[in-house]
Amino acid sequence: MTRAITKLGESDQSDDPNQRPAWQQRQRQQHQQHPSPTPLRRAITRLAAVVAATTAMALALAGCSSGNGSDSANESGDSSKTQTFTPKSGKSSGKLTIASGSENREVASAVQKAAEDSGVTVTLDYMGSLDIMSTLKRGGDQYDAVWPASSMWISMGDTKHIVKDQQSTSTTPIVFGIAKSKAVSLGWASDDGTTKPVSTKDLIDAVSAGKLTFSMTSATQSNSGASAYLAFLTALSGKNEALTSATLKDAKLQESAKTLLSGVDRSSGSSDWLKDMVVANPDRFDSMVNYESLVIAADLELTKAGKDPLLAIYPSDGIAVSDSPIGYVDRGQNSESAYRDFVKALTSKDGKLLFEQAGRRTGLGGRLAYASDAKVKDAFRAEWGINTSADALKTIALPSASVISEALDVYQRDLRKPSWTVWVVDYSGSMFGAGKNGVVNGLKSALDPAEAAKSMIEPGDEDVNILIPFNSEAMSAIRATGTDTSDLLAQAESLDASGGTNIYDGLDKALESNMPSDPSKYTTAIVLMTDGQSLTDDQSTFNDNYRSASRQYPIFSIMFGDADPTQLKEIATLSNAKVFDGRNGDLASVFRQVKGYN
Numbered sequence: 002m003t004r005a006i007t008k009l010g011e012s013d014q015s016d017d018p019n020q021r022p023a024w025q026q027r028q029r030q031q032h033q034q035h036p037s038p039t040p041l042r043r044a045i046t047r048l049a050a051v052v053a054a055t056t057a058m059a060l061a062l063a064g065c066s067s068g069n070g071s072d073s074a075n076e077s078g079d080s081s082k083t084q085t086f087t088p089k090s091g092k093s094s095g096k097l098t099i100a101s102g103s104e105n106r107e108v109a110s111a112v113q114k115a116a117e118d119s120g121v122t123v124t125l126d127y128m129g130s131l132d133i134m135s136t137l138k139r140g141g142d143q144y145d146a147v148w149p150a151s152s153m154w155i156s157m158g159d160t161k162h163i164v165k166d167q168q169s170t171s172t173t174p175i176v177f178g179i180a181k182s183k184a185v186s187l188g189w190a191s192d193d194g195t196t197k198p199v200s201t202k203d204l205i206d207a208v209s210a211g212k213l214t215f216s217m218t219s220a221t222q223s224n225s226g227a228s229a230y231l232a233f234l235t236a237l238s239g240k241n242e243a244l245t246s247a248t249l250k251d252a253k254l255q256e257s258a259k260t261l262l263s264g265v266d267r268s269s270g271s272s273d274w275l276k277d278m279v280v281a282n283p284d285r286f287d288s289m290v291n292y293e294s295l296v297i298a299a300d301l302e303l304t305k306a307g308k309d310p311l312l313a314i315y316p317s318d319g320i321a322v323s324d325s326p327i328g329y330v331d332r333g334q335n336s337e338s339a340y341r342d343f344v345k346a347l348t349s350k351d352g353k354l355l356f357e358q359a360g361r362r363t364g365l366g367g368r369l370a371y372a373s374d375a376k377v378k379d380a381f382r383a384e385w386g387i388n389t390s391a392d393a394l395k396t397i398a399l400p401s402a403s404v405i406s407e408a409l410d411v412y413q414r415d416l417r418k419p420s421w422t423v424w425v426v427d428y429s430g431s432m433f434g435a436g437k438n439g440v441v442n443g444l445k446s447a448l449d450p451a452e453a454a455k456s457m458i459e460p461g462d463e464d465v466n467i468l469i470p471f472n473s474e475a476m477s478a479i480r481a482t483g484t485d486t487s488d489l490l491a492q493a494e495s496l497d498a499s500g501g502t503n504i505y506d507g508l509d510k511a512l513e514s515n516m517p518s519d520p521s522k523y524t525t526a527i528v529l530m531t532d533g534q535s536l537t538d539d540q541s542t543f544n545d546n547y548r549s550a551s552r553q554y555p556i557f558s559i560m561f562g563d564a565d566p567t568q569l570k571e572i573a574t575l576s577n578a579k580v581f582d583g584r585n586g587d588l589a590s591v592f593r594q595v596k597g598y599n
C-alpha cells in the first residue's frame, strides 16, 4: 500500500517573492499594500456581494419561464438540481416529488405532457445513481417515487422493500460517442457515418497505442459509468454469462480493465453534465462514454454549431442497456393514485413518442416503436452511427447486487485511473468557527478512507491529494500520496482561520508547481472552497495566465457562506468545470459530489 505525506518546502514552492514571476511579484505587492480587511471593509464587500447576488437572482427569476410550462428554479436558484412541471390549466389533482437521474432532463417534454394529461404536478430532483440508491436505503426520505437510469440501483437500494409498481419508461444503450473524424482515422467508420464492429479489445488496443482517450462518468457515482464498466468486465471475461465474484478476482481481467480505464482523461459525476462538457469544448474532448440518447442530444447541438458530430460506437462483444425504471416509494403517504395517473400518461402512446423523439427507445427488445415519425428519424440518424437494429445491442446479463457492489469496490480501489486533486481551501478570518469546521468535516468525508468508503470515493494507493490553504495569500502546500491522508487532515484541522481572502493566489500556487509532471497518468482537478469574494484586481491576471498555460486543468468550486457565485461561475466557465452550492445542506455531501468528478 503506497503512502506518503509531504509538507512542501519553500524552495520547492518558490515562496521567495524574488523567485516568483514578475506578475506574481506585483500581486504580492498589492497584497502587502492591502492587508487583512478590517471588519468594516469586509462587511462592505459582503454587502456588495449580497446586493449583486440578489439583483442577479431577481433578473434570473424574471426570465425563467419556459415554453413547456416547467419551472426549473429551486431554493438556491440552481436549475441543474430541481425542475417542477405543472398542468397548464393551473389545476392539480395531486403532487409528486421524484428522485430522478440527471439524464431525464432530456425528456422534459414527455414529463410536461404527462403532467398535463394526468393533472399531477411533478417535481424532479436530479441526482446521481448512488444518491438514489442511498435515498432508498434510508427509507425514501421525502420522495414519492424514484426514477434512476437503471433498475440495478433500485435492486441495490430497496433494502426496506418500499418500491412498488416499478416499470420501465424507455431504454437506451451505453455507447462510445467518438468524433466522426477520429472514428474514421481509427478505421472504425466510413465517411458516410457507417460504423464497423468494434470489440472491447479494439478499444484497449487504441488506448494502449495512445490513439484514444475518452471522458466517462465515475462508475461509483453514475449509472452510465457503472454500466459501461460492468459491460467492459463482462466482455473481457470472455464468458457469455453474468459476472461472478470469482471472475472479478482474475488478474488478467483486472489488468485489461485497468488498461482500458487508463484512457479516461476526464471524469464526471453526471452523464448530462458530461454531455454538456463535450459540447462546450469539442476540440478538447472528442470521445465520451455515455447514453445513446445523450450522444444524440450532443449531436443535435454540435451539428447546429457546425461542429464534427459524434458517431455512436456499440461494443460488439458486450453492451449495457439502461431501462429507466420508475417506481412508487411507499412511505405511507397515500400518493398511489397520483403516481399511477402520472405513470399511465408518461407511458402512453403520446408519452412514448416524445421519448423516442428525444432519443430514447420504447419498443420491445430495444427497437423503435415510432420509427416512421419524422422527428424520431431526425434523432436516430444513420450518419451519426446510430444503429436502430436490435442486433446491434449484444446486451450483457447484469450480475447480482452483491457482485455489483464488489465490482464497484474493485473499481474504486484498484482499477480506475489514479486521481490528482489539489484542494485550495479558504482559511480567511470569516471561516473561523462553523465555516472551518464544515470544511474540515467535508475533507474528511472525501479523504478519510473509512468515511469516504461509505460513498465509494475512498482514495487509492496511487492517488495524490494536495491541500493549499489560503487567506490573504497562499500558504505552504501539504501533500498526501496514497491512502494515508491522516497527516493532511490533521494539519487541515490545526490551521487557524484569519486574514483576508485571495482566491487567485491559492489557484496560482496550485497551477505553478503542484500539478503532475505527466498529467496523462491521472484524472486531474483543482477544487476551490471559499465563503468570500476575492480581490478582483487579481482576476484578469489569473485568467490571462490560465489561458496561456500549456495545459488547462478543471477548477471546481464549492461555495458557502457569502461566496460570490458570479466570480466562481467565471472560474468554472474558464476551466470547463462546475460550481457546487454548499450554502444550504450538508457540506460533506457536497464534497462527495465533487469527488465524483475526479
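Those letters in the sequence shown? Residues 2 to 599, per the numbering used here, in order. For every residue, glycine included, the Cβ atom is placed at its ideal position computed from N, Cα and C. A quick note: this is a predicted structure, and the numbers were derived from the prediction, not measured.
Backbone CA spacing between residue i and residue j [nearest angstrom]
| i | j | result |
| --- | --- | --- |
| Gly1 | Met432 | For the chain, the structure presents residues 2 to 599; residue 1 sits outside this window and is missing. |
| Arg584 | Thr136 | 21 Å |
| Arg552 | Lys395 | 39 Å |
| Ala493 | Lys250 | 37 Å |
| Val595 | Ser373 | 42 Å |
| Leu231 | Gly366 | 20 Å |
| Val265 | Asp142 | 34 Å |
| Tyr340 | Ser272 | 26 Å |
| Asp342 | Arg362 | 22 Å |
| Met134 | His162 | 12 Å |
| Gly178 | Thr537 | 40 Å |
| Phe592 | Ile559 | 8 Å |
| Ala111 | Gln222 | 26 Å |
| Arg139 | Trp154 | 14 Å |
| Thr304 | Lys181 | 12 Å |
| Thr260 | Ile205 | 7 Å |
| Ala281 | Arg382 | 22 Å |
| Asp427 | Leu234 | 41 Å |
| Thr525 | Arg267 | 8 Å |
| Ser169 | Leu347 | 11 Å |
| Ala498 | Ala478 | 16 Å |
| Glu337 | Glu302 | 38 Å |
| Met476 | Pro326 | 49 Å |
| Gly597 | Met217 | 11 Å |
| Ala184 | Ser257 | 22 Å |
| Asn388 | Asp509 | 47 Å |
| Met530 | Ser390 | 48 Å |
| Ala321 | Ser151 | 10 Å |
Per DSSP, the bridge partner or partners of residue i
| i | result |
| --- | --- |
| Lys96 | Thr122 |
| Ser268 | Met217 |
| Trp424 | Leu468 and Val528 |
| Trp148 | Ser101 |
| Met560 | Thr531 and Asp582 |
| Asn291 | Val176 |
| Met128 | Gly102 |
| Leu312 | Ile179 |
| Val330 | Val164 |
| Thr396 | Ile320 |
| Val199 | Pro316 |
| Arg362 | Thr172 |
| Ala475 | Phe471 |
| Ala190 | Thr196 |
Integer Cβ distance of residue i from residue j, believed to fall under 8 Å
| i | j | result |
| --- | --- | --- |
| Thr245 | Val404 | 6 Å |
| Tyr329 | Val164 | 7 Å |
| Phe557 | Lys522 | Not a contact, Cβ separation roughly 20 Å. |
| Asn442 | Ala573 | So it is not a contact: roughly 24 Å between Cβ atoms. |
| Ala116 | Thr122 | 7 Å |
| Gly501 | Gly194 | No, Gly501 and Gly194 are not in contact; Cβ-Cβ is about 56 Å, not under 8 Å. |
Contact under 7 Å by Cβ, residue i with residue j
| i | j | result |
| --- | --- | --- |
| Ala236 | Gly360 | no |
| Phe215 | Met289 | yes |
| Tyr554 | Ser535 | no |
| Asp220 | Leu312 | According to the sequence provided, residue 220 is Ala. The question's Asp does not apply to it. No, these two residues do not count as a Cβ contact at 7 Å. |
| Thr98 | Asp145 | yes |
| Lys378 | Gln358 | no |
| Pro149 | Gly102 | yes |
Any non-hydrogen atom of the ligand FAD within 6 Å of residue i CB
| i | result |
| --- | --- |
| Ser257 | Ligands displayed in this structure: none; no statement on the ligand FAD is therefore possible. |
Would you check if there are 3 or more beta carbon pairs closer than 8 Å linking the stretch 277–296 to the stretch 194–208? no
Meets three-Cβ-pair contact criterion under 8 Å: the stretch 289–303 and the stretch 173–192: yes
May I ask you to verify whether the stretch 418–425 touches the stretch 459–468, counting CB pairs closer than 8 Å and requiring at least 3? yes
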